[in-house]
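To keep things clear, I will list the structure first and then write my remarks on it.
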Amino acid sequence: MGDAVSGGDDAVPVLFGRRRELDVLGDVLGGTRQGRSAVLVVRGEAGIGKTALLDHAVARAGDLQVISVSGAESEAELAFAGVHQVCAPLLDGLDRLPAPQSAALKTALGLAEGSPPDRFLVGLAVLTLLTDAAATQPLVCVIDDAQWLDSASMRTLSIVARRLRADPVAMVFAVREGEQNTDAAGLERLPELSLTGLDDGDSRTLLAATMPGPMEERVRERILAEARGNPLALRELPRAANLPAFTGGLELPGHGRALSRRIERSFAARVSKLPADTRLLLLIVAADPVGDAAVLWRAAALLGVPESAAEPAETAELITIGRWVRFRHPLIRSAVYEAGGRTDRRRVHGALADAIEPVDVEHRAWQRGRAATGPDEVIAAELERMAERARARGGVAAASAFLADATELTPDPVERARRALAAARAKLAAGASDAALALLAYTRAAPPDLMRQAQTELLRAQIAFAMHRGRDAPALLLAAAEHLRDLDPLLSRETYLEALMAAVFAGRLVWAEDSGPAGMARAARSAPAAPDPPRAVDLLLDGLVLRFTEGYAAAAPTLMRAVRQFRRDADVGVAGLRWYGLVGRIALDLWDQQSWDDLAAAQVQILREQGVLTLLPVALAYRAGVSVHAGRFEEAAALLEESDAISQATGAPPPLYIEPVLAAYRGQEEHTLHLVRTSLHSASVRGEGRVIPIVQYAAAVLHNSLGQYREALAATDQAIEHDDIGMYGYGLLERVEAAARCWETAIATEAMEELVARAEAAGTEMALGVAARSRALLAEGAEADQLYRIAIEHLERSRVDVLHARAQLLYGEWLRRERRSGEAANQLRQARDTFRRVRADGFAERARRELVAAGVVVEAPPAPLVEQLTGQETTIARLGAEGRTNSDIAAQLFLSSRTVEWHMGKIFGKLGIPSRRHLKAALADHNGCLGLS
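Numbering (the working numbering), first residue to last: 606 to 1538.
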């Protein structure tokens, strides 16, 4: 990887046929000069001109600070190598960062020891370094060949790019299309500039400039046809072509191969004509992804290569040498490395290992591994130690690569199998499921071992769960649990629970009935006995077995104990992180709003602290679900916005199932139905059966709010088609209301009786409230009156403002039909006011219509304050009202302090207040909307 910091160059290169692209880059640089942030991802095939365009941008940025780096295909094992290159010119500002940011970045860069840093905290530290540097002079950061950055750097820099808002910083990435890199998905949905081939006129002009003098017509036409407007091909193919032979009608070398391979062969042909010492020097450069010139010269000296050997390579425009050594194009690196023989490559890697500074232990170990001539336990053990070091710095992908290399170099089959399992686990954690699966093949070469076999089966099942989201994972996890029964009873019980969790996740979309929750529960009856006293996971397993074999009422007491025990474990920091989502769904199933709320908040906090980005978007969505039912819609919207931003930054699919519920409660008919359709399709494709009852519940809520009771009833048909844990009771709740309003008494009674039985078994305030509400819908006279009052009292104590207001709405509607207009108006006004406050517009309109029907003159609703603020502004306003400083807010929301300051200015203007001292008072009347306590 090369790196440079400069103020640009007065010599701006000429580019053919790129006026539009140059204008786009000019706008990016111009905006940065004026104090605005900008991000641009330049995409295109190899040789299409991405590097030339970036070089042109650097040359035009003479009045800006410029940081220029380039990814290298071989640097995956070097965690945060790309971040190090970006930050290297700015490390003087490291100690001026807030202490948590400074500690996280120092640990990530290997400058200090510490626990694995929070990935978002590292990103925030890089963001702060860049924005602090830009405070004195606008800054542009250019990242070429971003698809080859190491995983940790790619994720960190994509986070930084997404959090730029109001700082004079531009980030320009160049990404080669066609390269498989899941981490580069973090750059998706950022502003893009796609490069295509030059048109015919510009292609001819460039070819003429490259090959001055006469050229036979058919030679020219063949080169133009082969190059297809690719600028690098237009420059290189003529050099590789045997023009006299071409005139005779022979093909270009490599005809029919991918264009990039033909260009590589052109570079290889040029390299082959250089002196032997120059070729060896180029191989040293190709073998070192970091590109430190000092290391290059030390390695060259060890191999007897003089510094003068560089001159022919520079004259041939293959490399540039300064503080960092860079190939003119990444295809030159691959061509040089491939052309070097195996013996020379090992010699070069060995020399580089000796030339690298002793403090750079990971880089030295990586080079030693490449220099190995065969299995070597000493080198394998060193690579394993480097894996632990990389893991401690948060480089999960780098750790997995070190372990994979260690596995290949391990001579002993048993030890190789052990390392293969560790490497596969690390690959799975890094999101490389295919690579994890491939590593399990090493375990077959070891002597038979029952424990290793069971661990391999467990890991294979966990990989299947990650790859297929639950469709075949339950059966595989069950098999692993059964094999572990006698070998490790406690792990066996956890694996049975994992199988049940996978079945719950897949829900109705499992491939076989035996793989569904009921089938898994029946099989889990043969799990080893629980220890005494039982752990939370033991109670969860036993409770879920009862839940899916003997029913809700039989399981409720055990599951309540499980939730209480898990909460106690969470309070002392020993609760298993992977179980939070499952326990939250069980709390939802038990109508335990308080536990659902507390667990969702705790899970988000822990995931933030540990930087587990793969799970954080889902946890934020869970938390948003709590906020919806509590009537904190703007808080829910802000959480979903953050969830989506993290999903984009990590390249993971965003959890979509809470957004339809929020849209439904807001009465957004068209938007909700669109989200329902897209979420159902996505759930089917990904095998996420648990999503289906949630989005059908959203559809039922929408239709009930709009008085479309037939449509609501139809939605509940699918919502309660299966006994999905967590949402089944909510589906019954909507079904009773819809059926009662359609005069489908038998359907309403059946759903009500099942709901009441569950509610009485749970016994929480919320459960008793929804049961009384459902019974009231089918009762008459004094009984109905009393049940509505009981429902309202229970729900008022349950911290579920929306459900409480809905009970008041139903009571008001019943009172109006009983001709008790005054009492009806009182209930309807209270319900309407709550709906207006939280912006549940569909229900607010339903309440308004009922008030009009009751003979009440209804005033127009006041313009809501919250409508003026975006979700992010709402969150910033709430935190500011709590007394947080801009730095505190920036740290929590992963923004720069300057961006928070910019948002605060917009918030003050919208609220009509002069400073943050007035925030709390300005928001006091809107606590329910903004989630203030």
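Ideal Cβ placement from N, Cα and C applies to all residues, glycine included.
Given residue i as reference, the closest of the options once Cα atoms are compared
i, options, result
"L1164", "H1234, A1003, G676 and L1145", "L1145"
"F872", "P911, R928, R933 and E831", "R933"
"A1268", "H1308, V1290 and P1298", "H1308"
"A1161", "F725, R1172, A643 and L1193", "L1193"
"D660", "V890, D749 and E650", "D749"
"A1364", "L1400, A1445 and K1515", "L1400"
"D700", "A1376, T1480 and V731", "V731"
"L1053", "P1018, A717 and R1024", "The displayed chain sequence assigns Pro, not Leu, to residue 1053. P1053 has its Cα closest to that of P1018, out of P1018, A717 and R1024."
"E793", "A766, A1034 and A771", "A766"
"L1008", "E1020, L988, P1016 and A1022", "L988"
"L1055", "A1381, L1089, I1068 and L1026", "L1089"
"L1414", "E1455, D1390 and S1120", "E1455"
"S1501", "P1222, E1487 and T733", "T733"
"A1050", "A1377, L800, A1449 and T1015", "T1015"
"D893", "P1094, L842, A677 and I1330", "A677"
"L735", "P917, E1418, T1504 and T815", "T1504"
"A585", "S1310, N1491 and R1166", "Nothing can be reported for residue 585, as the shown portion of the chain is limited to 606 through 1538."
"A1134", "E922, L1244, F1110 and D1093", "D1093"
"E922", "E1274, I937, W1507 and L702", "I937"
"L1337", "D1446, L1360, S673 and G1510", "L1360"
Where residue i falls: helix, strand or coil (DSSP)
i, result
"V691", "helix"
"T925", "strand"
"V1306", "helix"
"H1508", "helix"
"H1327", "coil"
"L855", "Confidence at L855 is low in this model, with a pLDDT of 32, below 50, so the placement of that residue should be treated as unreliable; the coordinate-derived value is given next. Residue state, collapsed to three classes: coil."
"S1520", "coil"
"T810", "helix"
"Y1262", "coil"
"L1280", "helix"
"K878", "coil"
"A1526", "helix"
"N1491", "helix"
"G654", "coil"
"A1273", "A small correction: the amino acid at residue 1273 is Gln; Ala does not occupy that position in the sequence shown. Q1273 falls in the coil class under three-state DSSP."
"Q1313", "coil"
"F621", "coil"
"V1463", "coil"
Same chain, Cβ closer than 8 Å to residue i, neighbours up to 5 away in sequence not counted
i, result
"A662", "L630, V633, L634, V745, V747 and V777"
"A914", "P880, D882, T883, L885, L886 and A905"
"R1404", "Q1198, Q1199, D1202 and A1235"
"D949", "L885 and L888"
"E797", "L645, V646, V647 and R648"
"H1276", "A1268"
Unbroken beta strand (DSSP E) run spanning residue i, endpoints
i, result
"A779", "V774 to R781"
"Q670", "Q670 to S675"
"E797", "E797 to S799"
"V930", "V930 to F932"
Per DSSP, cross-strand counterpart(s) of residue i
i, result
"G649", "R781"
"C746", "I672 and M776"
"V644", "M776"
"D897", "W929"
Element boundaries [alpha helix (DSSP H), containing residue i]
i, result
"L936", "P935 to A944"
"R1098", "P1094 to A1111"
"M589", "Any question about residue 589 goes unanswered here, given that the chain covers just 606 to 1538."
"M991", "E982 to A997"
"D1039", "S1038 to L1044"
Within-7 Å CB hit, residue i to chain C
i, result
"S673", "This model lacks chain C altogether, as it is built from one protein chain only."
Contact set for residue i: own chain, Cβ-Cβ below 6 Å, skip 5 residues either direction
i, result
"R781", "A651 and Q752"
"Q1208", "Y1185 and A1224"
"L1220", "L1212"
"L1516", "A1527"
Check: residue i C-beta below 6 Å from any heavy atom of the ligand GDP
i, result
"E782", "Absence of the ligand GDP is noted for the structure shown, with no ligands found whatsoever."
Sequence-distant residues of the same chain with beta carbon closer than 7 Å to residue i, five excluded per side
i, result
"L848", "Here L848 scores only 41 on pLDDT, less than 50, and its place in the model is too uncertain to base an answer on."
"A1377", "L1392, I1395, A1396 and H1399"
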